[in-house]
Structures are given as C-alpha cells and as structure tokens.
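2 protein chains.
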Amino acid sequence: MKTTLIGSGNIAWHLGKALQRAGHEIVAVYSLTAAHREELAEVLPPAKAVDSLDLRATGAELFVIAVPDAAIASVAATVQVPNGAMIVHTSGSQPLAVLQGIAGARPGVFYPLQTFSKFKPVDFSTIPILLEAEDEQTLQALQEVASTISKEVHQVDSHKRKQLHLAAVFACNFTNHLLGISRQLLQEAALPDTLLQPLIQETIAKAMQSHPFQVQTGPAVRHDQNVIEEHLRLLQDQPLYQQVYQLLTQSIKDHSPKQ
Amino acid sequence: MKTTLIGSGNIAWHLGKALQRAGHEIVAVYSLTAAHREELAEVLPPAKAVDSLDLRATGAELFVIAVPDAAIASVAATVQVPNGAMIVHTSGSQPLAVLQGIAGARPGVFYPLQTFSKFKPVDFSTIPILLEAEDEQTLQALQEVASTISKEVHQVDSHKRKQLHLAAVFACNFTNHLLGISRQLLQEAALPDTLLQPLIQETIAKAMQSHPFQVQTGPAVRHDQNVIEEHLRLLQDQPLYQQVYQLLTQSIKDHSPKQ
Numbered sequence: 001m002k003t004t005l006i007g008s009g010n011i012a013w014h015l016g017k018a019l020q021r022a023g024h025e026i027v028a029v030y031s032l033t034a035a036h037r038e039e040l041a042e043v044l045p046p047a048k049a050v051d052s053l054d055l056r057a058t059g060a061e062l063f064v065i066a067v068p069d070a071a072i073a074s075v076a077a078t079v080q081v082p083n084g085a086m087i088v089h090t091s092g093s094q095p096l097a098v099l100q101g102i103a104g105a106r107p108g109v110f111y112p113l114q115t116f117s118k119f120k121p122v123d124f125s126t127i128p129i130l131l132e133a134e135d136e137q138t139l140q141a142l143q144e145v146a147s148t149i150s151k152e153v154h155q156v157d158s159h160k161r162k163q164l165h166l167a168a169v170f171a172c173n174f175t176n177h178l179l180g181i182s183r184q185l186l187q188e189a190a191l192p193d194t195l196l197q198p199l200i201q202e203t204i205a206k207a208m209q210s211h212p213f214q215v216q217t218g219p220a221v222r223h224d225q226n227v228i229e230e231h232l233r234l235l236q237d238q239p240l241y242q243q244v245y246q247l248l249t250q251s252i253k254d255h256s257p258k259q
Numbered sequence: 001m002k003t004t005l006i007g008s009g010n011i012a013w014h015l016g017k018a019l020q021r022a023g024h025e026i027v028a029v030y031s032l033t034a035a036h037r038e039e040l041a042e043v044l045p046p047a048k049a050v051d052s053l054d055l056r057a058t059g060a061e062l063f064v065i066a067v068p069d070a071a072i073a074s075v076a077a078t079v080q081v082p083n084g085a086m087i088v089h090t091s092g093s094q095p096l097a098v099l100q101g102i103a104g105a106r107p108g109v110f111y112p113l114q115t116f117s118k119f120k121p122v123d124f125s126t127i128p129i130l131l132e133a134e135d136e137q138t139l140q141a142l143q144e145v146a147s148t149i150s151k152e153v154h155q156v157d158s159h160k161r162k163q164l165h166l167a168a169v170f171a172c173n174f175t176n177h178l179l180g181i182s183r184q185l186l187q188e189a190a191l192p193d194t195l196l197q198p199l200i201q202e203t204i205a206k207a208m209q210s211h212p213f214q215v216q217t218g219p220a221v222r223h224d225q226n227v228i229e230e231h232l233r234l235l236q237d238q239p240l241y242q243q244v245y246q247l248l249t250q251s252i253k254d255h256s257p258k259q
C-alpha cells in the first residue's frame with residue numbers, strides 16, 4: 001500500500017518503519033519543519049519530503065496523520081488527497097468525525113496503542129492497533145494493512161476508544177505520576193532511586209496476571225490506621241501528596257470493606 | 001547459620017528456601033497452625049515443626065520473625081531465645097524497637113523488599129535486603145547472612161525504612177489500585193482486559209529509565225482541558241474515581257506549569 005506520512009514525530013517514525021518493513025512503500029513525508037520531513041524521508045526510501053498539504057500528486061492510496069492531537073483538526077481543514085484515498089489519524093483521543101470534512105476522502109482511525117520513544121526500537125507485532133472507519137470496505141482495507149504489522153488488530157469505535165483512553169490515563173499517566181512521587185520521596189530520604197524497582201516490577205507483573213483489586217496489598221487494604229496516620233504525618237509538608245494519599249487510601253478501603 | 005523461622009507464610013517460605021539454598025540450616029519452624037508449621041518444616045529438612053515460642057532448645061543462633069506486622073509485638077512479648085541469639089523481624093513498616101524487650105536477645109531487622117506469592121519462585125539475588133541492628137557486631141553478622149542470598153544488601157535505619165515504606169505505598173499499592181480502576185473501566189466498556197498491557201509495560205519501563213516526572217504524558221501534562229473535561233463526564237456516575245482523576249490531574253499539572 002503506497003502511503004504518505006503527515007507528521008514526523010515518534011509515531012510517524014516508528015509506524016513508517018514498521019510499514020516499510022512489512023513491504024509497504026512510503027512515498028512521501030509531510031512536516032511543517034523542513035529538517036524533520038527531510039530526516040524522516042531519508043530513512044524511509046523512496047519517500048520524498050514534501051512541504052505542502054496538497055498531497056494529490058504523491059501517488060499514495062493511504063494518508064496517515066501522525067501529528068499532535070491538537071493539530072489534527074487544522075491538518076484536516078487544509079489537506080487535499082486524491083479522490084477515494086484513505087486518510088487516517090493515529091490518535092486515541094480524537095473521534096473519527098474530526099476527519100469527516102476532507103473532500104473525496106475515506107476517513108479512518110489507525111491507532112497504535114503504545115507510547116513511542118524516537119530511538120528505542122519497538123516490536124510492532126505485539127502492539128494493539130485499533131481501527132475505525134465509516135464503511136466496511138475501508139475498514140477491511142485498513143484491517144489488511146494493520147495485520148501486516150501487528151497480530152493484535154481490533155475494531156473499536158470512537159466512543160469506546162474514548163473509554164479506552166480514559167482507562168489508559170489511569171493505568172499509565174497516573175501510575176507514572178505516582179512513580180514520580182515515589183522517586184521524589186526516596187530522594188528526599190537519601191535512599192537509592194532504584195531500591196524499589198524489583199518490587200515495582202513484581203507488583204505490575206502480579207497486577208497483569210490477576211485482577212489488581214484481588215491482589216491489593218498495603219496499609220489501606222488492611223485498614224491499618226496506625227500506619228496510615230504515620231504516613232500522613234510524614235507527608236505533612238507536602239499537602240498535595242497528603243491529599244493523594246488520603247484519597248487513594250479511601251478508594252482502596254471502599255473496595256475492601258473491613259472484615 | 002542455624003536458623004529458626006517464626007511464621008509460615010510467604011516470606012517465611014521463600015526466605016527459608018533461600019537461606020537453605022545458601023547453605024544455612026533451618027533447625028525449626030514455629031507457627032500457630034499445626035498444618036502450616038508441619039508443611040513448611042517438611043520442605044526445609046532437617047527443620048522440626050515446633051508449637052511453643054519457648055525456642056531456647058532449638059539450637060539456632062538466628063531467629064527470623066516472619067509474621068503479619070500486627071502480630072510482631074505479641075510474638076516479641078512471648079518468645080524466648082537463648083542468651084545472645086539474634087532475633088530479627090522482616091517487616092518494612094515496624095521499627096527495630098518492637099523487638100527490644102526480648103530478654104537476652106540481640107534484636108535486628110532483616111527486611112526483604114519484595115512481595116511474595118507462595119508458589120511463584122523468586123530470584124532472591126536481586127531482592128534488596130535492608131538491615132538494621134543496635135550494634136556493629138550484630139549488623140555485621142546479619143550482613144554476612146544477607147549477602148549469601150542477595151547482592152543488594154543495605155543498612156537502613158527505622159526512620160528511613162518508614163520513608164521507604166511510604167514511597168512503596170505510592171509506587172506499588174497505589175499504582176496497583178489505579179491498574180484495578182483501569183481494568184474495571186475496560187470491562188465496563190466491554191474491551192479486552194489485556195488491551196492496555198503493552199502500553200503499561202512500556203510506561204513502567206520508561207519510568208524506570210528516566211525520572212518519571214520527565215517522561216510524563218497524557219492530557220494533564222499537556223493541560224488539555226477539553227479531554228480532561230470529557231473524561232470527567234465519562235466518570236460522572238463514579239464520583240470517587242472522578243475525584244481521583246481530578247486530584248491526580250491537578251498534581252500532574254502542578255509539576256508541569258503551562259508553557
């Protein structure tokens with residue numbers, strides 16, 4: 001499938017490489033910044049760097065918008081693609097509808113459910129790809145492309161994708177923040193940053209194997225008020241962390257009524 | 001080192017096995033429940049199951065209390081050990097002082113910083129063991145034992161261990177709870193339980209390599225108010241989760257002032 005990439009960030013980079021490895025041809029790379037589009041086009045031969053969103057002459061059948069969420073609408077308002085071409089975005093939080101105004105295009109969503117770092121290789125085959133389209137034919141074409149790079153292809157509509165994104169905020173963004181608070185507390189106590197890593201890894205591994213609510217440990221689930229109060233005292237100079245501690249303790253307690 | 005285990009739960013089980021593998025002799029296992037002490041003694045030959053906390057005749061030089069935190073004080077009030085014997089507890093949240101009343105004993109803390117499941121083998125060599133004792137001689141004896149089973153032995157006093165425990169509550173207990181909320185949200189949306197697992201694993205891996213605050217992603221760090229408000233609407237029937245969302249979003253925003 002001849003493909004044009006719109007965007008040159010981490011998703012464009014990794015998805016472009018995965019598509020190319022699977023035998024698809026990247027014909028063009030668009031990015032606002034000349035250096036970025038040229039750098040990415042160079043690693044995806046025979047891709048050309050292009051500086052206009054009039055992409056009708058690129059010869060592609062699939063156009064992949066991989067730009068920050070906030071920029072998708074403005075790309076959609078400007079981009080021109082050949083009649084009947086597929087144009088997809090790669091966002092977990094944006095609806096399919098954001099692409100509906102593109103003249104002559106068959107809009108879709110092609111959302112790889114993973115976080116990417118520029119220089120860290122990824123095994124795309126295990127990354128879920130969530131698809132959405134307006135008609136069965138487009139969906140099937142996207143399905144064919146997606147299944148050349150991943151074994152985990154799902155059809156998920158915009159509303160469910162929104163619910164999934166919410167679940168991901170809890171599981172990833174919020175857990176990352178808690179790991180940051182924890183790291184800061186270790187530093188304040190002059191303890192090694194890495195001390196908790198084996199415990200964190202085992203905790204996550206357990207939470208994957210069981211329902212996390214069933215393997216909950218710690219003072220909250222034991223309703224151990226002495227320890228809880230001592231922890232709150234240790235946090236007395238950090239009122240926001242103290243609030244976080246109180247609320248999450250309350251939520252854990254509510255899930256595990258005292259015997 | 002001839003050792004007696006007090007307790008027959010997951011820590012006693014795994015620590016007993018690790019000590020035995022390293023060449024130490026487990027001479028006795030005490031537990032309130034006959035079936036439990038006999039089961040553990042059987043897998044740790046030549047250990048005998050004993051039913052009294054008068055352990056003066058077990059011939060051990062080291063006594064390891066591996067019982068629930070709330071039971072340590074009552075064990076300490078009852079146990080009898082030979083003059084000059086070392087007696088340690090294995091708890092992250094209890095001070096050394098809880099063992100100070102044991103007549104003739106040299107108290108200590110021998111805290112393996114990991115969560116254990118009964119039938120899951122563990123590689124003890126990577127598990128940090130945190131030690132504390134009242135005198136240098138005891139500390140050194142514990143250090144010698146600990147370094148036969150782990151490459152990560154640290155001396156950490158009671159106050160620092162308390163701060164470490166607090167950090168662990170954030171990094172492990174609270175993250176586990178958030179993973180539980182996320183799993184529940186997936187189930188409510190009729191999405192596969194495992195869909196977020198690659199993303200969670202990559203998020204944790206990144207948080208280990210960098211300071212988590214520096215690799216924070218998601219709507220909060222972008223101050224993306226549209227997405228945040230939509231998520232709060234999705235949670236309108238779950239007021240406690242809505243509060244958790246709001247507070248963690250606030251905490252992330254406070255760490256990443258708007259540009």
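Chains as they are written, first to last, in the UniProt record's numbering: chain A, 1 to 259; chain B, 1 to 259.
Ideal Cβ placement from N, Cα and C applies to all residues, glycine included.
| query | result |
| --- | --- |
| Beta carbon of A:I129 nearer than 8 Å to that of A:V98 | no |
| Where A:S74 falls, given that 16 or more other Cβ within 10 Å makes a residue buried | exposed |
| Helix, strand or coil at B:T58 [DSSP, three-state] | coil |
| Per-residue contacts from A:A189 into chain B (C-beta, under 7 Å) | K160, Q163, L164 |
| Any non-hydrogen atom of the ligand SAM closer than 7 Å to B:L62 Cβ | In the structure on display, the ligand SAM does not appear, and there are no ligands present to speak of. |
| Chain B contact residues for A:L113, given Cβ-Cβ distances below 8 Å | L195, L196, P198, L199 |
| Beta-carbon proximity check, B:A41 vs B:K48, cutoff 8 Å | yes |
| Pick from A:L195, A:L185, A:I6, A:I204 that is closest to B:N173, judged by C-alpha positions | A:I204 |
| Endpoints, the alpha helix (DSSP H) within which B:R37 is located | 34-43 |
| Span of the beta strand (DSSP E) around B:R106 | 106-112 |
| Alpha carbon of A:S182 to alpha carbon of A:E152, nearest angstrom | 33 Å |
| Inter-residue CB distance, B:E230 and A:K160 (contact presumed, cutoff 8 Å) | No, B:E230 and A:K160 are not in contact; Cβ-Cβ is about 14 Å, not under 8 Å. |
| Complete runs of the beta strand (DSSP E) confined to the UniProt domain "DUF2520" (127-252) of chain A [at least 3 residues] | 129-133, 153-155 |
| Endpoints, the beta strand (DSSP E) within which A:T78 is located | First-last for A:T78: 69-78, but that is the alpha helix (DSSP H), not the beta strand (DSSP E). |
| Paired residues, beta bridge with A:H89 - DSSP | A:I65, A:V109 |
| Pair within 8 Å by beta-carbon distance, A:Q236 and A:Q243 | no |
| For B:A18, three-class secondary structure by DSSP | helix |
| Chain-order list of residues whose beta-carbon lies under 6 Å from that of A:Q80 (same chain, five-residue window excluded) | D54, R56 |
| Residues near A:D157 in its chain [Cβ-Cβ closer than 7 Å; skip 5 each side] | E132 |
| Beta-carbon neighbours of B:T138, restricted to chain A and to distances below 9 Å | What B:T138 touches in chain A: nothing, since even the nearest Cβ is about 22 Å away. |
| Boundaries of the beta strand (DSSP E) in which B:A97 is found, first to last residue | That residue, B:A97, is in no beta strand (DSSP E); it is neither H nor E in DSSP. |
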